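Structure, as structure tokens:
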Amino acid sequence: MVETPPTAANMRLDGGHPALDLVNTLYGQVGKPPEHDVLQTREDLMTFATRVGVATPTASTAALEAARRLRTACEHAFRGQDHDALETAVKRAYRAGHLQAGGWRWPDGDPMSAVHRLAHQAALLLADTEALGRLRGCGDCCWLYLDRSKNRSRKWCSMEDCGTNAKKRRYVEKRRALS
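In this note's numbering, the protein residues as written are 253 to 431.
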């Protein structure tokens, strides 16, 4: 069976937070080159932004490149504790926005608005120590997610994919050991 690559319109949103879902737009294994990048075009960025709740009616090629840089900055901040690039992106976002009653706002007509909103979401997550205590990396793929299970014992980004794959591998290994 040939598997079609995921797109911004159909990728799973298992991160539990827009900034983590941004990191998860790269598919592959930790420490290995990415197998697939969901953010290929500016339309992909607009579709993704709509799905994670930071919609903007327009995006540019520059915004797509900025989103990819933000994705790397988020990856480093949440996985490796290097916050410098994320701090730079967040500062840029706040300079472009306006603080109003209800929070930060960015003009919908600005092609960078989705990237600024994602940077803001990443800053909010980084400041939330309770959420960071639930931050996990999938035991099977490279994705990050918030473990919202009652006993904080979730091991995979998704039981439907990575969890099932891990259980299949264990089953095959057990059968081989018995043979």
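Note that the Cβ used here is the ideal one computed from N, Cα and C, for glycine as well. None of the values given here were measured: they were computed from a predicted structure.
Cβ neighbours of residue i in the same chain (closer than 7 Å, five flanking residues each side left out)
{"i": "R386", "result": "L398, D399, R400 and R404"}
{"i": "A271", "result": "C326, L370, Q373, A374 and L377"}
{"i": "L360", "result": "Correcting the residue type first, residue 360 is Asp in the shown sequence and not Leu. These residues qualify, in order along the chain: T308 and P309."}
{"i": "S312", "result": "R294 and P363"}
Residue range of the alpha helix (DSSP H) that includes residue i
{"i": "L291", "result": "L291 -> no alpha helix (DSSP H), and no H or E assigned at all."}
{"i": "Q373", "result": "S365 to A379"}
{"i": "H328", "result": "T313 to G332"}
{"i": "L265", "result": "Taken as a continuous stretch (DSSP letters only), L265 belongs to no alpha helix (DSSP H), as it is neither H nor E."}
{"i": "D273", "result": "P270 to V275"}
Cutoff 8 Å; reference residue i; Cβ partners in own chain excluding five residues on either side
{"i": "V342", "result": "A371, H372, A374 and A375"}
{"i": "L291", "result": "A260, T277, L297, F300, L316, A319, R320 and R323"}
{"i": "M253", "result": "Any reading at M253 must be qualified, since the residue scores a pLDDT of 45, below 50, and its modelled position is unreliable; no value is offered."}
{"i": "E255", "result": "none"}
{"i": "H269", "result": "Q373, L377, A383 and L398"}
Spatial distance of residue i from residue j (CA atoms)
{"i": "C393", "j": "P258", "result": "15 Å"}
{"i": "M298", "j": "S431", "result": "52 Å"}
{"i": "F330", "j": "T381", "result": "12 Å"}
{"i": "G267", "j": "H288", "result": "17 Å"}
{"i": "G283", "j": "W395", "result": "12 Å"}
{"i": "D273", "j": "H335", "result": "18 Å"}
{"i": "M263", "j": "H328", "result": "22 Å"}
{"i": "R388", "j": "G332", "result": "12 Å"}
{"i": "H350", "j": "W356", "result": "6 Å"}
{"i": "V304", "j": "V275", "result": "12 Å"}
{"i": "G354", "j": "L338", "result": "23 Å"}
{"i": "L265", "j": "W358", "result": "24 Å"}
{"i": "A314", "j": "T340", "result": "16 Å"}
{"i": "K402", "j": "A379", "result": "22 Å"}
Inter-residue CB distance, residue i and residue j (contact presumed, cutoff 8 Å)
{"i": "D362", "j": "A345", "result": "About 11 Å; that fails the 8 Å criterion."}
Range of the contiguous beta strand (DSSP E) that encloses residue i
{"i": "L224", "result": "The structure shown does not extend to residue 224, since the chain spans only 253 to 431, so no value can be given for it."}
{"i": "R388", "result": "L387 to G389"}
{"i": "R357", "result": "G355 to R357"}
Sequence-distant residues of its chain with Cβ nearer than 6 Å to residue i (five each side left out)
{"i": "P286", "result": "L278 and G280"}
{"i": "Q352", "result": "none"}
Cβ-heavy atom distance, residue i to the ligand FAD, below 8 Å
{"i": "F300", "result": "In the structure shown, the ligand FAD is absent, as is every other ligand, since no ligand is present at all."}
>> If contact is defined by three or more beta carbon pairs under 8 Å, each pair taking one atom from either stretch, is the stretch 365–377 in contact with the stretch 307–315?
In response: With a cut-off of 8 Å, the stretch 365–377 and the stretch 307–315 count as touching, because enough Cβ pairs lie within range.
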